[in-house]
Amino acid sequence: MSRRHDSDETRTRILAAAVRCVARRGVRGLRMADVGREAGVSSGLLYYHFADRDGLLAATLAHVNDTAAAGRSSNEVAGRSALIDNLVDEISDDPEVRDHAAAWHEINASAVFDERLAAPLRETTADWQARIANALVATAPADAPCDRETAEAEAVIVTALVDGLLQRWLTGRLSTNDARALLRRALIQQFGGSAAGSNACN
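Below, the structure is given as structure tokens:
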């Protein structure tokens with residue numbers, strides 16, 4: 001096993017630990033020492049990978065986004081139904097999925113008052129939207145192609161929809177089943193262009 005592989009594996013373990021810590025204690029309660037203990041690494045190794053708390057939080061955002069994107073990687077081949085399934089699966093009682101959602105929204109909320117978090121959040125959100133726009137273009141029916149401008153607008157709407165329902169689910173205002181059902185229904189309507197005169201990517 002190469003040193004590079006070991007280093008990547010350690011970095012991933014630290015980020016997974018950071019997700020759990022943020023999900024449990026919030027951004028304000030996050031301590032580098034706690035993340036190190038959770039990940040089972042020394043403080044020296046922790047600071048080798050992440051120079052400071054801000055860098056760790058920015059990387060945690062990217063990690064949450066990349067982990068979710070890994071589940072969507074087959075969308076361009078599998079079609080529109082797979083895209084909907086993968087987005088709906090971002091709401092789940094699976095502990096890891098819930099921790100990722102909680103960490104994302106905790107950092108999201110904290111970024112309102114902290115530009116150090118707002119900047120990486122903008123970057124990560126733009127990446128999320130771009131991935132969805134790519135999938136919309138790639139999975140559009142041959143007889144109804146989706147142009148890039150429309151796909152990008154759709155991606156903004158879709159990510160806002162997912163964010164809103166995730167927040168209601170995390171705070172107990174919606175059950176898991178209800179949140180998943182509502183998200184699926186909304187995505188089908190959005191991608192189906194059900195509204196009169198809609199320019200949605202059908």
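Residue numbers for the sequence shown follow the UniProt record's numbering, so the first one is 1 and each next one is one higher.
Even for Gly, the Cβ is constructed at its ideal location relative to N, Cα and C.
Residue environment: Gly-164 is assigned as exposed (fewer than 16 neighbouring CB atoms within 10 Å of its CB, all protein chains considered). Less than 9 angstroms divides the Cβ of Leu-166 from the Cβ of Ala-101. Secondary structure note for Arg-31: it is in no alpha helix (DSSP H), with a DSSP letter that is neither H nor E. Between Thr-124 and Ala-33, the gap from beta carbon to beta carbon reaches 9 angstroms or more. Only exposed fits Ile-188, as fewer than 16 other CB atoms lie within 10 angstroms of its CB. Cβ neighbours of Leu-182 within its own chain (closer than 8 angstroms, five residues either side excluded): Leu-165, Leu-174.
When rounded, the separation of the alpha-carbon atoms in Asp-85 and Arg-184 is 8 angstroms. The alpha-carbon of His-49 is positioned some 33 angstroms away from that of Trp-169. DSSP places Ile-91 outside both helix and strand once states are collapsed to three, so it counts as coil. In the DSSP assignment, Asp-147 falls outside any alpha helix (DSSP H) and carries neither an H nor an E. Per the coordinates, the alpha-carbon of Cys-201 lies some 31 angstroms from the alpha-carbon of Ala-103. Short of 7 angstroms from the beta carbon of Arg-80, and not among the five residues preceding or following it, lie these beta carbons of its own chain, in chain order: Thr-139, Phe-191. Glu-38 and Ala-17 have their alpha carbons spaced roughly 6 angstroms apart. The C-alpha of Val-35 lies about 40 angstroms from the C-alpha of Arg-148. About 14 angstroms separates the CB atoms of Asp-99 and Arg-13; that is not less than 8 angstroms, and the two are not in contact.
Spanning the alpha carbons of Leu-87 and Val-41 requires a straight line of approximately 33 angstroms. In the three-state reduction of the DSSP assignment, Phe-191 falls in the helix class, which pools H, G and I. Taking 8 angstroms as the upper bound for CB-CB distance, Val-137 and Cys-146 are in contact here, some 5 angstroms apart. DSSP, read as helix, strand or coil, puts Leu-166 in helix.
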